[in-house]
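Down below is the structure, laid out as structure tokens.
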């Protein structure tokens with residue numbers, strides 16, 4: 144989980160109000176064939192980043208999880224590319240000192256959050272749930288159509304993380320779930336990214 148020194152907000156784009164940044168985190172697999180909690184056109188990605196925001200009028204993350212529109216989570220898929228991605232490198236560098244369940248780590252040379260978003264104006268939107276227990280139906284999901292790139296070397300840094308027991312911290316994702324009648328909207332800001 145990564146926090147920021149400033150507190151960004153997100154609104155517009157069809158969101159039902161203003162949302163305040165809370166944190167971002169990642170889900171990944173033991174290999175590059177899996178890891179994302181969402182698929183695009185049936186394709187699962189090796190890494191998915193969730194940028195978690197709570198509805199500003201509800202005052203906090205805790206005060207938002209029991210409201211149907213309490214959270215706005217932006218999902219970014221990452222796919223393998225040959226070269227390292229400098230935008231995620233500060234996080235990769237910090238992973239060497241991270242342990243699951245251990246103390247929070249400091250990410251030096253934090254890149255702006257905007258640098259972690261793909262350059263796109265097309266996104267998918269649906270009303271859904273948190274992907275971790277208690278899986279509250281409280282999320283306005285936004286998934287970007289475009290992906291970011293990450294090298295296998297950088298993915299290896301995520302996969303090298305360990306639980307306190309010493310076992311590998313991999314496959315920390317919930318498998319993609321059935322739509323259960325949910326409507327997925329395809330939206331475009333028209334800005335060209």
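In the numbering used here, the protein residues as written are 144 to 336. From the three backbone atoms N, C-alpha and C, an ideal C-beta is built for every residue, glycine too.
Problem - Touching by the beta-carbon criterion (3+ pairs, under 8 Å), the region 181-188 and the region 236-248 - result: In short, these stretches do not touch, since the Cβ pair count stays below three.
Problem - Any 3 or more C-beta pairs closer than 8 Å across the region 200-207 and the region 217-234 - result: no
Exercise for the section: Answer with yes or no whether the minimum CB distance from residue 183 to chain D is below 8 Å. Expected result: Although the question refers to chain D, the structure presented lacks it and comprises just one protein chain.
Exercise for the section: With a threshold of 16 other CB atoms inside 10 Å of the CB of residue 281, please say whether the residue is buried or exposed. Expected result: By one-based count along the chain shown, residue 281 stands at place 138. Buried is the call here.
Problem - Length at least 4, wholly inside the region 181-249: the alpha helix (DSSP H) runs in chain order - result: 232-238
Practice task
Please report how far the alpha carbon of residue 299 lies from the alpha carbon of residue 190, in whole angstroms.
Solution key: Within the chain shown, the letter at position 156 stands for residue 299. Within the chain shown, the letter at position 47 stands for residue 190. Near 11 Å, if we compare the C-alpha coordinates of residue 190 and residue 299.
Practice task
Return the CA-CA distance between residue 311 and residue 333, expressed in angstroms with no decimal places.
Solution key: For the purposes of this step, residue 311 is taken as residue 168 along the chain shown, with counting starting at 1. For the purposes of this step, residue 333 is taken as residue 190 along the chain shown, with counting starting at 1. Those two C-alpha atoms are separated by around 42 Å.
Exercise for the section: State the Cα-Cα distance for the pair residue 313 and residue 174, rounded to the nearest angstrom. Expected result: For the purposes of this step, residue 313 is taken as residue 170 along the chain shown, with counting starting at 1. For the purposes of this step, residue 174 is taken as residue 31 along the chain shown, with counting starting at 1. So the two alpha carbons sit approximately 9 Å from each other.
Problem - Top-ranked residue by Cα proximity to residue 153, from 235, 170, 283 - result: Working through the chain shown from its first residue, we reach residue 153 at position 10. Measuring from the Cα of residue 153, the nearest candidate turns out to be 283.
Practice task
Take residue 306 and list the residues in its own chain whose beta-carbon comes closer than 6 Å to its own, dropping the five residues that flank it on each side.
Solution key: Here residue 306 refers to the residue found at position 163 when the chain shown is read from its first residue. These residues qualify, in order along the chain: 243, 312.
Handout entry: For residue 296, three-class secondary structure by DSSP
Key = Stepping through the chain shown from its first residue, residue 296 is reached at position 153. Correct three-state label for residue 296: helix.
Practice task
Please state if the CB of residue 217 and the CB of residue 194 are separated by a distance shorter than 8 Å.
Solution key: To locate residue 194, count along the chain shown from 1; it is residue 51. To locate residue 217, count along the chain shown from 1; it is residue 74. Contact flag set, yes.
Practice task
Using DSSP bridges, identify the partner residues of residue 268.
Solution key: Sequence index remark: in the chain shown, residue 268 carries index 125 (1-based). Answer by DSSP bridge pairing, in chain order: 285, 328.
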